[in-house]
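For what it's worth, UniProt numbering labels the leading residue of the sequence shown as 1, then goes sequentially.
Yeah, the Cβ is synthetic: ideal placement off N, Cα and C, and Gly gets one too.
None of the values given here were measured: they were computed from a predicted structure.
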Amino acid sequence: MGCCTVLAAALIIIPALIAAALFLALRNWCSKTHWVIIAAAGAVGLCFAPAPNLAAYGQWLASLAGLGDGRRGHIPLVPILALALIFAGLAGLARDSQIMTLDAPLARRLLAGRRLQRDPLVPSERRRARLLRKLQTDPPLGYIPAVRGPRAQPPTAKSDPPGKRKFPLGIGARARPVMLGEHEIGMHGVILGSTGSGKTETIKWLMGALLDMGWDGMIIDLKEDTAPGGLRDQCRAATAMHGLPYQEMALSDHRGRFWFNTLAGMGPDEAFDTLMSLVQFDDAYWQNLNRKMLAQVLRMSYQAHELAPDRFPFPDVLTIGRLLERGEKIGQATKEMRAVIDAHAPGTSKAEYGMIAQPIPDAAKSAAGFGMKLTNLYDSDAGKYVLTGGGGRTQIDVTAGGLTYIGLNSLGQPDMSRIVSSAVLQRVSVDAAQRTTGRAAKGKPKFIIVDEANWVNREIVMNLLSRARSAGVCMFLCTQGPNDWIDSDGDDWARLSQNINVAIIMAQGAPESAEKCAEFLGEEKAAQLSHKVVDGEVIDIGTVSVRDDLIVTSAELRSLEVGEAILRVNKPKTRVEYVRIPQRLEELDWYARHHGRAA
Numbered sequence: 001m002g003c004c005t006v007l008a009a010a011l012i013i014i015p016a017l018i019a020a021a022l023f024l025a026l027r028n029w030c031s032k033t034h035w036v037i038i039a040a041a042g043a044v045g046l047c048f049a050p051a052p053n054l055a056a057y058g059q060w061l062a063s064l065a066g067l068g069d070g071r072r073g074h075i076p077l078v079p080i081l082a083l084a085l086i087f088a089g090l091a092g093l094a095r096d097s098q099i100m101t102l103d104a105p106l107a108r109r110l111l112a113g114r115r116l117q118r119d120p121l122v123p124s125e126r127r128r129a130r131l132l133r134k135l136q137t138d139p140p141l142g143y144i145p146a147v148r149g150p151r152a153q154p155p156t157a158k159s160d161p162p163g164k165r166k167f168p169l170g171i172g173a174r175a176r177p178v179m180l181g182e183h184e185i186g187m188h189g190v191i192l193g194s195t196g197s198g199k200t201e202t203i204k205w206l207m208g209a210l211l212d213m214g215w216d217g218m219i220i221d222l223k224e225d226t227a228p229g230g231l232r233d234q235c236r237a238a239t240a241m242h243g244l245p246y247q248e249m250a251l252s253d254h255r256g257r258f259w260f261n262t263l264a265g266m267g268p269d270e271a272f273d274t275l276m277s278l279v280q281f282d283d284a285y286w287q288n289l290n291r292k293m294l295a296q297v298l299r300m301s302y303q304a305h306e307l308a309p310d311r312f313p314f315p316d317v318l319t320i321g322r323l324l325e326r327g328e329k330i331g332q333a334t335k336e337m338r339a340v341i342d343a344h345a346p347g348t349s350k351a352e353y354g355m356i357a358q359p360i361p362d363a364a365k366s367a368a369g370f371g372m373k374l375t376n377l378y379d380s381d382a383g384k385y386v387l388t389g390g391g392g393r394t395q396i397d398v399t400a401g402g403l404t405y406i407g408l409n410s411l412g413q414p415d416m417s418r419i420v421s422s423a424v425l426q427r428v429s430v431d432a433a434q435r436t437t438g439r440a441a442k443g444k445p446k447f448i449i450v451d452e453a454n455w456v457n458r459e460i461v462m463n464l465l466s467r468a469r470s471a472g473v474c475m476f477l478c479t480q481g482p483n484d485w486i487d488s489d490g491d492d493w494a495r496l497s498q499n500i501n502v503a504i505i506m507a508q509g510a511p512e513s514a515e516k517c518a519e520f521l522g523e524e525k526a527a528q529l530s531h532k533v534v535d536g537e538v539i540d541i542g543t544v545s546v547r548d549d550l551i552v553t554s555a556e557l558r559s560l561e562v563g564e565a566i567l568r569v570n571k572p573k574t575r576v577e578y579v580r581i582p583q584r585l586e587e588l589d590w591y592a593r594h595h596g597r598a599a
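Right, here's the structure in full:
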């Protein structure tokens, strides 16, 4: 009887030990579906000639006890492994179930070391220090499928086709590259991080990798990082190293080679949205007056230019501003335009531009104030150099290939920054629509990275996000945190989070912002051993329940160091990973070697 009991125990214990090893090895990687497949595979193996296999297993166990005529060296692998797979699958399914009851000591042992929970996503400080050292000595540049630059692969090299390639964002907790796919970033992304978290270096790395892969791009830098080694220098060095066309405009640089025509390439509707981004109204009455006056002036100016381009040049902000600034005399100022329009289609000006021909006092007053706001842009030094041509300077084409850097000062020159950024994004939106409808060639994929993106017009951004996805244009919006998108006008973070696929979340300084980021990253199921109080003592009751826990806590987000981030990708498969992002130094080093100075 004693031998039979021992043999029966051994029958279970040996595959159970193997199952425990499988469970511990796979617990962080398998979903409930995977555990079902594992258990089913074991059942299939066990059902394959079950009688001979189980008989061989029993004889082998008996031989270990010196019984029977079996041989110890003939280990029956099929039944042992089949039972192990069944036990491992059942353990995995039990772990993912909502409630399971165990013997209290056994429950404590299983929960010890977080065995029924995933390991923390953010590694230990010691591990993070090792990752940093590895990143500094061996950044994952070689994993970029480059078609440009010093690591460009030969045309005969085997690689995935454009659109399906992957590139490293950095290295993960296991010191392996964390890869991002072109198809993933094609659905847009955000980079969130407080000051000093490493956002700028992340932008540099992302920009460099995409340029290596043959993308065109644009950087809209609303904090105008023109310091040595900053974002502008990185753009200069990268284009010089890759031999790419480069356009650059910065509000503080009055010696630049480029200027910007704010309304170039737009129709009256896009121009209207761009100019309206400059103003906010507390009163609906004055808002509607401004909207009506501006809409009529724009339509009239565009129509007059179309009918008589030799007499009426393509509209620009200064011309529109001067017309609105006339206030009560706007009818007289637009008389020639309306005459040209009436000559082509009699009665049109009276029917469509009546508010301009005979403005009511409130409309005239409102238009004059709005017009003065527009013309004031041209009174500043930046307006004279950046918004006005001449002097042999070239007009920036925001739809051109290569790389374009636009540096704006959202704090020092908010109106100028707002109208230029709105105009640039509106023009890109028009180009994206033309690419989608076939009126313009799609060309190369293009990235647009907007730093301090909370300053740009939200409606224009949302419109561009929806248009750009199918046009081969990828956007990354960079701000400090979700609260940058929440103000008195509403919760635009909720809208934005529905229109992005990739989130790179770096250190968060504000507790509220960290909490919102943690909620956005999502939850996972975690096991918990239940307790109860008996006679003043807390004891285990042997019940293991599964609760929803945050994948990354707000405290962990606040503790991230410079260059560390949590990556979330929604589609095609949701994943959340820790990543350490390297610095991209090779372009600046190359530029210094070849030009003897910083970019």
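Annotation: the stretch 199-233 contains the following complete segments of the alpha helix (DSSP H) (minimum length 4 residues), in chain order: 199-212. For L294, the uninterrupted alpha helix (DSSP H) segment begins and ends at A284 to L307. By the criterion of a C-beta distance shorter than 7 Å, N501 is surrounded in its chain by E184, M187, H188, G189, V569, N570 and K571, once the five residues flanking it on both sides are discounted.
Measuring C-alpha to C-alpha distances from H595 to each of A514, Q247, E524 and R236 identifies R236 as the nearest. The C-alpha of K134 lies about 13 Å from the C-alpha of V579.
Per the coordinates, the alpha-carbon of M276 lies some 15 Å from the alpha-carbon of N376. Looking at the DSSP output, P177 bridges to I171. Residue range R575 to R580 is occupied by the beta strand (DSSP E) that includes R580. Comparing alpha carbon positions, the residue from G149, L46 and M416 closest to G214 is G149. Here F476 is not near S497, since their CB atoms are 8 Å or more apart. Taking N454 as the centre and dropping the five residues before and after it, the same chain places the C-beta of T479, D484 and W485 closer than 7 Å to its C-beta, in chain order.
Rounded to whole angstroms, A592 and L231 show a C-alpha spacing of 15 Å. For N463, the CB contacts under 7 Å within the same chain, skipping 5 residues up- and downstream, are S429 in chain order.
Cβ-Cβ distances below 8 Å link D225 to T200, L231, R232, G407 and D451 in the same chain, with the five nearest sequence neighbours on each side left out; the list follows chain order.
Judged by DSSP secondary structure, M475 falls within the beta strand (DSSP E) whose first and last residues are V473 to T479. For R568, the uninterrupted beta strand (DSSP E) segment begins and ends at E564 to V569. DSSP places K335 in the helix class (H, G or I) of the three-state scheme.
Only buried fits C474, as 16 or more other CB atoms lie within 10 angstroms of its CB. Around the Cβ of E248, a 10 Å sphere holds 16 or more other Cβ atoms; the residue is buried.
Look at the beta carbons and you see the stretch 240-247 touching the stretch 393-404: at least three pairs across the two are nearer than 8 Å. Remark: fewer than three beta-carbon pairs, one from each stretch, lie closer than 8 Å, so the stretch 388-401 and the stretch 266-276 are not flagged as touching. R584 counts as buried, since at least 16 other C-beta atoms from the protein chains shown sit within 10 angstroms of its C-beta. In this structure, L324 keeps its C-beta atom at 8 Å or more from the C-beta atom of G391. Selection K444, N499, C517 and P309 evaluated against R467 yields N499 as nearest (Cα-Cα). In this structure L22 is in contact with A84, their Cβ atoms being roughly 6 Å apart against a cut-off of 8 Å. If you draw a 10 Å sphere on the C-beta of G142, you find fewer than 16 other C-beta atoms in it, and that means exposed.
V340 and L298 do not touch by the CB rule: their CB atoms are close to 16 Å apart, not below 8 Å. Sequence-distant partners of K204 (beyond 5 residues in either direction) whose C-beta falls short of 8 Å from its own C-beta, in its chain, are L231, Q234, Q583 and R584. In its chain, beyond the 5 residues on either side, G327 have a beta carbon closer than 7 Å to the beta carbon of K365. For a cut-off of 8 Å, the C-beta gap from G472 to K442 is around 5 Å, short enough to register as a contact.
The alpha-carbon separation between P445 and T274 amounts to approximately 25 Å. Counting only the Cα atoms, K166 lies some 19 Å from A173.
Rounded to the nearest whole angstrom, the C-alpha separation of G490 and R458 is 11 Å. Bounds of the beta strand (DSSP E) holding L192 are G189 to L192. Counting only residues of its own chain and dropping the five nearest sequence neighbours on each side, L46 has a CB closer than 6 Å to the CB of A82. The DSSP-derived three-state label of M506 is coil.
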